[in-house]
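Only one structure is covered here, and it is reproduced in the block below.
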Amino acid sequence: MVVCFLGDSTVQGIGDVQALGWVGRLARASFALDPARATALTLCNLGLRGDCSVRVAARWQEETARRQRPGEDMALVFSFGAADRPQQVPLPEAVAATRDMLCAAAVVSGRGRTLFVTPPPSSDPAWAARNRELGLALLVVCDELGVPGFDLFPPLSSSPRYMAALAAGDMIHPDAEGYAEMAGLLAAWPPLAALLGL
36 MVVCFLGDST VQGIGDVQAL GWVGRLARAS FALDPARATA LTLCNLGLRG
86 DCSVRVAARW QEETARRQRP GEDMALVFSF GAADRPQQVP LPEAVAATRD
136 MLCAAAVVSG RGRTLFVTPP PSSDPAWAAR NRELGLALLV VCDELGVPGF
186 DLFPPLSSSP RYMAALAAGD MIHPDAEGYA EMAGLLAAWP PLAALLGL
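Numbering (my numbering), first residue to last: 36 to 233.
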């Protein structure tokens, strides 16, 4: 199976001196449990710094099509929204782009293999408020489409460890400890755990 993680810099893992982010940590955990997965699973980190919702929508189909192999299943894990505020993407435009994206993605990978993760908190209050507003709106879209969605914001915003990790970074991207906390939460989420064998 090919699993593509699509999104912004928090998917890419910016700020992590270990160069793993949450995607790399989940991959490492999966392969440690079953070394055969290191060849059976193809995990592609398609996070791109500065990509807002509409920019992910513009590129995801071409990028995933290049990674799909005949006869092999594909899963798509989307996580974006943190870059929508600096890119000044209106909320209705982000919601519409996400709806179209998730509808099309479900055709490519199947509804059970298309997942969405909300943007995490920021230690900048205005940025955090925008991430929260957008994340909640996109979870409504997920619910309407039957796409599993995970809300990262509440557990991370209430975590002193994560907020300290943001302070050690640039207020948007955590350090390695913060990405480890994100990975721990996502590893315990049944839809993603099932995809990765965690």
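Just so you know, even glycine gets a beta-carbon here, dropped at the ideal spot from N, CA and C.
All values derive from a computational prediction rather than experimental measurement.
- According to the DSSP assignment, Met198 belongs to the alpha helix (DSSP H) that extends over 195 to 203.
- At a cut-off of 3 residues, the continuous stretches assigned as beta strand (DSSP E) that sit fully inside the segment 55 to 123 are 77 to 82, 109 to 114.
- Counting along the chain, Gly213 sits inside the alpha helix (DSSP H) bounded by residues 211 to 222.
- A distance below 8 Å separates the beta carbons of Thr153 and Phe188.
- Contact check for Pro156 against Ser192 passes: the beta carbons are separated by less than 8 Å.
- In this structure, Arg72 lies away from Gly213, with their beta-carbon atoms at least 8 Å apart.
- Closest by C-alpha distance to Glu97, out of Leu61, Val182, Pro160, Val143, is Val143.
- Between the segment 177 to 184 and the segment 126 to 145, the count of C-beta pairs closer than 8 Å reaches three or more; the two stretches touch.
- Relative to Arg167, the option among Thr77, Leu126, Arg196 whose CA is nearest is Leu126.
- Bounds of the alpha helix (DSSP H) holding Val143 are 126 to 144.
- A residue is called buried once 16 or more other Cβ atoms fall within 10 Å of its Cβ, and Met206, having fewer, is exposed.
- CA-to-CA, the gap between Ala199 and Gly170 works out to about 22 Å.
- Residue burial is scored here from C-beta neighbours: Arg60 has at least 16 other C-beta atoms within 10 angstroms and is therefore classed as buried.
- Between the alpha carbons of Gln53 and Pro209 lies a distance of about 12 Å.
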